[in-house]
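In my numbering, each residue's number is its place in the sequence shown (first place is 1) plus 5.
Note that CB positions come from ideal geometry on N, CA and C, so glycine has one too.
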Amino acid sequence: MHHWEITAHQACTGSSVVPSLLSSVSQSSLARYTCLANCSHGVEEAPMLHIGDVRESWFSHIDSRVKLLMFAVYILAVLLTSPDAYRTWLAFAILLTCMLILGRISWRMLFMRLAVLLPFIGLCALGVLIGSSQKIFWQVVAKSSLCVIAATWLALTTPFHTLLHALKSLRAPTLIVVLLSFMYRYLFVLADEAHSMHRAYISRCPRKQDLRDATRIGKLMAALMLRAYERAERVYVAMLSRGFDGEFRLLSTAHPRWWEWMILLTFTSIVISIFVLVR
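And the structure:
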(Lines of atoms letter the chains of each structure in order from A and count residues from 1; the text may use other names and numbers.)
(Lines give C-alpha, C1' and ligand atoms only; values in the text may rest on other atoms or scores of the structure.)
Protein backbone atom coordinates (compact mmCIF):
# COMPACT_ATOMS: atom_id res chain seq x y z
CA MET A 1 0.00 0.00 0.00
CA HIS A 2 1.39 3.39 -1.02
CA HIS A 3 2.08 6.15 1.46
CA TRP A 4 -0.68 8.36 0.04
CA GLU A 5 -3.21 5.47 0.26
CA ILE A 6 -2.33 4.93 3.93
CA THR A 7 -2.67 8.65 4.55
CA ALA A 8 -6.08 8.79 2.83
CA HIS A 9 -7.31 5.72 4.73
CA GLN A 10 -6.21 7.14 8.06
CA ALA A 11 -7.73 10.51 7.22
CA CYS A 12 -11.09 8.89 6.38
CA THR A 13 -11.09 6.84 9.55
CA GLY A 14 -10.46 9.90 11.64
CA SER A 15 -6.91 9.09 12.68
CA SER A 16 -4.81 11.96 13.88
CA VAL A 17 -2.41 11.72 10.98
CA VAL A 18 -2.65 15.29 9.73
CA PRO A 19 -0.27 16.80 12.33
CA SER A 20 2.28 14.07 11.76
CA LEU A 21 1.91 14.42 8.00
CA LEU A 22 2.40 18.18 8.18
CA SER A 23 5.40 17.64 10.42
CA SER A 24 6.97 15.22 7.97
CA VAL A 25 6.26 17.54 5.04
CA SER A 26 7.76 20.52 6.84
CA GLN A 27 10.83 18.51 7.84
CA SER A 28 11.35 17.27 4.30
CA SER A 29 10.89 20.78 2.92
CA LEU A 30 13.37 22.12 5.45
CA ALA A 31 15.85 19.41 4.52
CA ARG A 32 15.39 20.15 0.82
CA TYR A 33 15.87 23.88 1.27
CA THR A 34 18.88 23.27 3.49
CA CYS A 35 20.39 21.04 0.83
CA LEU A 36 19.70 23.69 -1.80
CA ALA A 37 21.35 26.33 0.34
CA ASN A 38 24.39 24.13 0.84
CA CYS A 39 24.59 23.36 -2.86
CA SER A 40 24.28 27.05 -3.68
CA HIS A 41 27.37 27.96 -1.71
CA GLY A 42 28.88 31.07 -3.17
CA VAL A 43 25.61 32.56 -4.43
CA GLU A 44 25.13 35.97 -2.92
CA GLU A 45 22.59 38.68 -3.29
CA ALA A 46 22.73 40.60 -6.53
CA PRO A 47 24.99 43.58 -6.11
CA MET A 48 23.49 46.91 -7.00
CA LEU A 49 24.91 48.19 -10.26
CA HIS A 50 26.32 51.68 -9.96
CA ILE A 51 27.66 53.79 -12.76
CA GLY A 52 29.60 56.37 -10.88
CA ASP A 53 28.92 56.69 -7.15
CA VAL A 54 28.32 60.42 -6.85
CA ARG A 55 30.42 61.99 -4.11
CA GLU A 56 29.02 64.74 -1.91
CA SER A 57 31.32 67.65 -2.62
CA TRP A 58 31.48 71.22 -3.77
CA PHE A 59 30.97 70.14 -7.38
CA SER A 60 27.82 68.16 -6.55
CA HIS A 61 25.94 71.44 -5.95
CA ILE A 62 26.82 72.88 -9.36
CA ASP A 63 24.37 72.58 -12.24
CA SER A 64 25.08 69.57 -14.44
CA ARG A 65 25.06 71.71 -17.60
CA VAL A 66 27.89 73.81 -16.21
CA LYS A 67 29.94 70.71 -15.36
CA LEU A 68 29.27 69.21 -18.78
CA LEU A 69 30.47 72.40 -20.47
CA MET A 70 33.56 72.45 -18.23
CA PHE A 71 34.29 68.88 -19.27
CA ALA A 72 33.85 69.75 -22.96
CA VAL A 73 36.18 72.76 -22.70
CA TYR A 74 38.85 70.69 -20.94
CA ILE A 75 38.66 67.81 -23.43
CA LEU A 76 38.82 70.18 -26.40
CA ALA A 77 41.89 71.93 -24.98
CA VAL A 78 43.65 68.62 -24.27
CA LEU A 79 42.99 67.31 -27.77
CA LEU A 80 44.22 70.52 -29.41
CA THR A 81 47.43 70.72 -27.37
CA SER A 82 50.63 70.48 -29.38
CA PRO A 83 52.49 67.15 -29.00
CA ASP A 84 55.69 68.93 -27.94
CA ALA A 85 54.07 71.14 -25.28
CA TYR A 86 55.12 69.10 -22.25
CA ARG A 87 54.62 71.97 -19.82
CA THR A 88 51.08 72.38 -21.10
CA TRP A 89 50.43 68.68 -20.42
CA LEU A 90 51.77 69.12 -16.90
CA ALA A 91 49.62 72.22 -16.30
CA PHE A 92 46.50 70.39 -17.49
CA ALA A 93 47.35 67.48 -15.20
CA ILE A 94 47.71 69.85 -12.22
CA LEU A 95 44.37 71.48 -13.07
CA LEU A 96 42.69 68.08 -13.25
CA THR A 97 44.23 67.11 -9.90
CA CYS A 98 42.72 70.23 -8.33
CA MET A 99 39.33 69.27 -9.78
CA LEU A 100 39.63 65.78 -8.28
CA ILE A 101 40.53 67.24 -4.88
CA LEU A 102 37.59 69.65 -4.95
CA GLY A 103 35.37 66.74 -5.97
CA ARG A 104 36.59 64.73 -2.94
CA ILE A 105 37.61 61.84 -5.17
CA SER A 106 40.24 59.67 -3.55
CA TRP A 107 43.06 58.08 -5.51
CA ARG A 108 41.83 54.63 -4.53
CA MET A 109 38.37 55.31 -5.94
CA LEU A 110 39.88 56.81 -9.07
CA PHE A 111 42.13 53.83 -9.76
CA MET A 112 39.26 51.42 -9.13
CA ARG A 113 37.27 53.15 -11.89
CA LEU A 114 40.27 53.38 -14.20
CA ALA A 115 41.18 49.71 -13.79
CA VAL A 116 38.47 48.81 -16.31
CA LEU A 117 39.57 51.34 -18.94
CA LEU A 118 43.35 51.32 -18.63
CA PRO A 119 43.80 47.98 -20.48
CA PHE A 120 42.01 49.44 -23.52
CA ILE A 121 44.21 52.53 -23.39
CA GLY A 122 47.27 50.29 -23.16
CA LEU A 123 46.20 48.23 -26.19
CA CYS A 124 45.59 51.35 -28.28
CA ALA A 125 48.90 52.85 -27.24
CA LEU A 126 50.68 49.57 -27.94
CA GLY A 127 49.35 49.61 -31.48
CA VAL A 128 50.71 53.14 -31.91
CA LEU A 129 54.08 52.06 -30.46
CA ILE A 130 54.40 49.24 -32.97
CA GLY A 131 53.68 51.49 -35.94
CA SER A 132 55.50 54.67 -34.85
CA SER A 133 57.98 56.13 -32.35
CA GLN A 134 57.97 56.20 -28.56
CA LYS A 135 57.29 59.93 -28.63
CA ILE A 136 53.90 59.46 -30.27
CA PHE A 137 53.25 56.54 -27.93
CA TRP A 138 53.61 58.70 -24.80
CA GLN A 139 51.55 61.46 -26.39
CA VAL A 140 48.68 59.04 -26.98
CA VAL A 141 48.98 57.72 -23.42
CA ALA A 142 48.97 61.25 -21.97
CA LYS A 143 45.98 62.45 -23.98
CA SER A 144 43.97 59.30 -23.36
CA SER A 145 44.72 59.28 -19.64
CA LEU A 146 43.75 62.93 -19.15
CA CYS A 147 40.51 62.49 -21.10
CA VAL A 148 39.54 59.30 -19.26
CA ILE A 149 40.31 60.81 -15.84
CA ALA A 150 38.26 63.89 -16.74
CA ALA A 151 35.35 61.65 -17.75
CA THR A 152 35.70 59.79 -14.45
CA TRP A 153 35.60 63.11 -12.59
CA LEU A 154 32.36 63.99 -14.39
CA ALA A 155 30.80 60.60 -13.62
CA LEU A 156 31.76 60.76 -9.93
CA THR A 157 30.41 64.28 -9.41
CA THR A 158 27.21 64.15 -11.48
CA PRO A 159 24.34 61.62 -11.47
CA PHE A 160 23.80 60.02 -14.86
CA HIS A 161 20.17 61.09 -15.24
CA THR A 162 21.13 64.73 -14.68
CA LEU A 163 23.75 64.38 -17.39
CA LEU A 164 21.00 63.23 -19.75
CA HIS A 165 18.90 66.23 -18.75
CA ALA A 166 21.90 68.48 -19.35
CA LEU A 167 22.43 67.02 -22.82
CA LYS A 168 18.78 67.54 -23.68
CA SER A 169 18.69 71.11 -22.39
CA LEU A 170 21.88 71.89 -24.35
CA ARG A 171 20.07 70.82 -27.54
CA ALA A 172 21.91 67.55 -28.05
CA PRO A 173 20.29 65.26 -30.67
CA THR A 174 17.24 63.59 -29.16
CA LEU A 175 18.18 60.20 -30.61
CA ILE A 176 21.54 60.22 -28.80
CA VAL A 177 19.92 61.17 -25.49
CA VAL A 178 17.26 58.45 -25.84
CA LEU A 179 19.84 55.80 -26.77
CA LEU A 180 22.05 56.73 -23.80
CA SER A 181 19.05 56.60 -21.48
CA PHE A 182 17.97 53.17 -22.73
CA MET A 183 21.53 51.86 -22.56
CA TYR A 184 21.81 52.96 -18.94
CA ARG A 185 18.43 51.52 -17.93
CA TYR A 186 18.84 48.19 -19.71
CA LEU A 187 22.21 47.61 -18.04
CA PHE A 188 20.21 46.98 -14.88
CA VAL A 189 17.88 44.62 -16.76
CA LEU A 190 20.88 42.72 -18.11
CA ALA A 191 22.50 42.54 -14.66
CA ASP A 192 19.28 41.25 -13.09
CA GLU A 193 18.88 38.53 -15.73
CA ALA A 194 22.55 37.56 -15.38
CA HIS A 195 22.27 37.25 -11.60
CA SER A 196 19.14 35.07 -11.72
CA MET A 197 20.72 32.78 -14.35
CA HIS A 198 23.97 32.57 -12.36
CA ARG A 199 22.06 31.67 -9.22
CA ALA A 200 20.13 28.94 -11.05
CA TYR A 201 23.35 27.58 -12.58
CA ILE A 202 25.21 27.45 -9.26
CA SER A 203 22.28 25.78 -7.49
CA ARG A 204 22.29 23.00 -10.11
CA CYS A 205 26.09 22.72 -10.44
CA PRO A 206 27.52 23.05 -6.92
CA ARG A 207 30.90 21.62 -7.86
CA LYS A 208 33.94 23.81 -8.31
CA GLN A 209 34.04 25.40 -11.75
CA ASP A 210 36.88 24.61 -14.15
CA LEU A 211 37.72 24.89 -17.83
CA ARG A 212 35.02 22.37 -18.74
CA ASP A 213 32.43 24.99 -17.88
CA ALA A 214 33.66 27.34 -20.62
CA THR A 215 31.25 25.94 -23.22
CA ARG A 216 28.39 26.07 -20.74
CA ILE A 217 29.19 29.67 -19.89
CA GLY A 218 29.11 30.50 -23.60
CA LYS A 219 25.65 28.96 -23.89
CA LEU A 220 24.56 30.86 -20.80
CA MET A 221 25.74 34.11 -22.36
CA ALA A 222 23.70 33.41 -25.49
CA ALA A 223 20.65 32.57 -23.38
CA LEU A 224 21.24 35.72 -21.35
CA MET A 225 21.16 37.91 -24.43
CA LEU A 226 17.94 36.27 -25.62
CA ARG A 227 16.26 36.65 -22.24
CA ALA A 228 17.41 40.24 -21.89
CA TYR A 229 16.14 41.01 -25.39
CA GLU A 230 12.74 39.48 -24.64
CA ARG A 231 12.49 41.37 -21.38
CA ALA A 232 13.50 44.61 -23.08
CA GLU A 233 10.74 44.05 -25.64
CA ARG A 234 8.20 43.62 -22.85
CA VAL A 235 9.42 46.80 -21.19
CA TYR A 236 9.19 48.69 -24.48
CA VAL A 237 5.64 47.46 -25.12
CA ALA A 238 4.72 48.56 -21.60
CA MET A 239 6.21 51.99 -22.30
CA LEU A 240 4.22 52.30 -25.53
CA SER A 241 1.03 51.34 -23.73
CA ARG A 242 1.68 54.21 -21.31
CA GLY A 243 2.06 56.78 -24.07
CA PHE A 244 5.81 56.86 -24.73
CA ASP A 245 6.49 58.66 -28.03
CA GLY A 246 10.29 58.72 -28.07
CA GLU A 247 10.56 62.05 -26.27
CA PHE A 248 11.79 62.61 -22.71
CA ARG A 249 10.22 65.61 -21.06
CA LEU A 250 12.08 67.43 -18.31
CA LEU A 251 10.28 67.92 -15.02
CA SER A 252 12.76 70.56 -13.86
CA THR A 253 13.16 73.82 -15.77
CA ALA A 254 15.68 75.43 -13.41
CA HIS A 255 18.50 77.36 -15.02
CA PRO A 256 22.10 77.72 -13.81
CA ARG A 257 22.58 80.55 -11.35
CA TRP A 258 24.82 83.51 -12.01
CA TRP A 259 27.65 82.25 -9.80
CA GLU A 260 27.65 78.93 -11.67
CA TRP A 261 28.13 80.80 -14.94
CA MET A 262 30.97 82.68 -13.28
CA ILE A 263 32.58 79.35 -12.34
CA LEU A 264 32.33 78.21 -15.95
CA LEU A 265 33.80 81.51 -17.18
CA THR A 266 36.67 81.31 -14.68
CA PHE A 267 37.44 77.70 -15.58
CA THR A 268 37.37 78.48 -19.30
CA SER A 269 39.73 81.42 -18.73
CA ILE A 270 42.17 79.18 -16.84
CA VAL A 271 42.10 76.55 -19.59
CA ILE A 272 42.66 79.15 -22.32
CA SER A 273 45.50 80.72 -20.32
CA ILE A 274 47.21 77.35 -19.95
CA PHE A 275 46.69 76.56 -23.62
CA VAL A 276 48.08 79.89 -24.84
CA LEU A 277 50.69 80.94 -22.27
CA VAL A 278 52.21 77.73 -20.89
CA ARG A 279 54.70 76.35 -23.42
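Problem - Endpoints, the alpha helix (DSSP H) within which F253 is located - result: Counting from one through the sequence shown, the residue named residue 253 turns up at place 248. No alpha helix (DSSP H) holds F253; DSSP gives it neither H nor E.
Exercise for the section: Would you identify the three-state DSSP class for I110, choosing helix, strand or coil? Expected result: Residue 110 sits at position 105 when you count from the first residue of the sequence shown. Reduced to three states, the DSSP call for I110 is coil.
Practice task
Go to S65, then tell me how far its alpha helix (DSSP H) extends in each direction, as first and last residue.
Solution key: Residue 65 sits at position 60 when you count from the first residue of the sequence shown. Looking at the DSSP string, S65 is not in any alpha helix (DSSP H), and its letter there is neither H nor E.
Exercise for the section: Could you check which residue in W94, L151, T162, M188 has the C-alpha nearest to that of I110? Expected result: Counted from its first residue, the sequence shown places residue 110 at position 105. Cα-wise, what sits closest to I110 is T162.
Practice task
From the DSSP output, in three-state form, read off P124 for me.
Solution key: The residue you call residue 124 lines up with position 119 of the sequence shown. In the structure shown, P124 sits in a helix (DSSP, three-state: H, G or I).
Exercise for the section: Measure the alpha-carbon distance for V78 versus V276 and round it to whole angstroms. Expected result: Taking the first residue of the sequence shown as 1, we reach residue 78 at position 73. Taking the first residue of the sequence shown as 1, we reach residue 276 at position 271. Those two C-alpha atoms are separated by around 8 Å.
Problem - Simplified DSSP assignment, three categories, for A90 - result: Position 85 of the sequence shown holds residue 90. Three-state DSSP puts A90 in coil, outside helix and strand.
Problem - Terminal residues of the alpha helix (DSSP H) in which M284 lies - result: Taking the first residue of the sequence shown as position 1, residue 284 is located at position 279. The sequence given here has Arg at residue 284, not Met. Element bounds for R284: n/a, residue is neither H nor E.
Exercise for the section: Whole angstroms is fine: what's the gap from A98's alpha carbon to I80's? Expected result: Here residue 98 corresponds to residue number 93 of the sequence shown, with the count starting at 1. Here residue 80 corresponds to residue number 75 of the sequence shown, with the count starting at 1. Approximately 12 Å, taken between the alpha carbons.
Handout entry: Given 8 Å, three or more beta-carbon pairs between the segment 60-77 and the segment 227-237
Key = no
Exercise for the section: Within 10 angstroms of the Cβ of E252, are there 16 or more other Cβ atoms? Answer buried if so, exposed if not. Expected result: Working through the sequence shown from its first residue, we reach residue 252 at position 247. Classification for E252: exposed.
Practice task
Please state whether DSSP places A237 in a helix, a strand or coil.
Solution key: If you number the sequence shown from 1, residue 237 lands on position 232. In the structure shown, A237 sits in a helix (DSSP, three-state: H, G or I).
Exercise for the section: Ignore the nearest five residues each way along the sequence and tell me which others in H107's own chain have a CB closer than 8 Å to its CB. Expected result: Your numbering for residue 107 matches position 102 in the sequence shown. Going by the sequence as given, residue 107 is Leu instead of His. Excluding positions up to five away in sequence, the list reads S62, W63, F64.
Practice task
State the Cα-Cα distance for the pair R284 and M75, rounded to the nearest angstrom.
Solution key: As a first step, residue 284 is located in the sequence shown; it is residue number 279 there, counting from the start. As a first step, residue 75 is located in the sequence shown; it is residue number 70 there, counting from the start. Going from the Cα of R284 to the Cα of M75 covers about 22 Å.
Problem - Own chain residues within Cβ distance below 6 Å of D68, not counting five before or after - result: Numbered from its first residue, the sequence shown carries residue 68 at position 63. Only P261, E265 meet the Cβ criterion.
Practice task
Could you say which of S208, S150, F116, L245 lies nearest to I126 if we only look at CA atoms?
Solution key: On the sequence shown, position 121 is the one that residue 126 refers to. The candidate whose alpha carbon is nearest that of I126 is S150.
Problem - Neighbourhood of T167 by C-beta distance below 7 Å, restricted to the same chain and skipping five residues each side - result: Here the question's residue 167 lines up with position 162 in the sequence shown. S69.
Problem - Cβ neighbours of A36 in the same chain (closer than 6 Å, five flanking residues each side left out) - result: Start at 1 with the first residue of the sequence shown, and residue 36 comes out as number 31. The pLDDT assigned to A36 is 41, lower than 50, so where the model puts this residue is not dependable, and the model offers no usable value.
Practice task
Have a look at F272 and A171 and give me their C-alpha separation to the nearest angstrom.
Solution key: The residue you call residue 272 lines up with position 267 of the sequence shown. The residue you call residue 171 lines up with position 166 of the sequence shown. In a straight line, the C-alpha of F272 is about 18 Å away from that of A171.
Exercise for the section: Under 8 Å Cβ to Cβ from L84, same chain only, skipping five residues before and after it: list those, please. Expected result: Here residue 84 is taken as the residue at index 79 of the sequence shown, counted from 1. The answer, listed in chain order, is K148, C152.
Exercise for the section: Tell whether a beta-carbon distance below 7 Å holds between L269 and V145. Expected result: Locating residue 269 in the sequence shown gives position 264, counting from the first residue. Locating residue 145 in the sequence shown gives position 140, counting from the first residue. Cβ distance not < 7 Å, so L269 and V145 don't count as in contact.
Practice task
Can you say whether L73 is buried or exposed, counting buried as having 16 or more other CB atoms within 10 angstroms of its CB?
Solution key: Start at 1 with the first residue of the sequence shown, and residue 73 comes out as number 68. By the 10 Å Cβ count, L73 comes out buried.
Problem - Reference K140, options D89, F249, W112, E198, closest by Cα - result: Sequence index remark: in the sequence shown, residue 140 carries index 135 (1-based). For the residues D89, F249, W112, E198, the minimum Cα distance to K140 belongs to D89.
Problem - A147, enclosing alpha helix (DSSP H) - first and last residue - result: If you number the sequence shown from 1, residue 147 lands on position 142. 139-162 is the extent of the alpha helix (DSSP H) around A147.
Practice task
Kindly indicate the opening and closing residues of the alpha helix (DSSP H) around R190.
Solution key: In the sequence shown, residue 190 corresponds to position 185, counting from 1. Residues 179-209.
Exercise for the section: Ignore the nearest five residues each way along the sequence and tell me which others in L119's own chain have a CB closer than 8 Å to its CB. Expected result: As a working mapping, residue 119 is identified with position 114 in the sequence shown. Result list for L119: V153, I154, T157, in chain order.
Handout entry: Helix, strand or coil at H260 according to DSSP, with G and I counted as helix
Key = Position 255 of the sequence shown, counted from the start, is the residue given in the question as residue 260. Coil, per DSSP.
Exercise for the section: Using the Cα positions of A96 and A82, report the straight-line distance between them to the nearest angstrom. Expected result: If you number the sequence shown from 1, residue 96 lands on position 91. If you number the sequence shown from 1, residue 82 lands on position 77. Approximately 12 Å between the Cα atoms of the pair.
Exercise for the section: Would you mind stating whether V182 and L169 have Cβ atoms separated by less than 7 Å? Expected result: Residue mapping note: residue 182 aligns to position 177 of the sequence shown, counting from 1. Residue mapping note: residue 169 aligns to position 164 of the sequence shown, counting from 1. Yes, Cβ-Cβ distance for V182 and L169 is below 7 Å.
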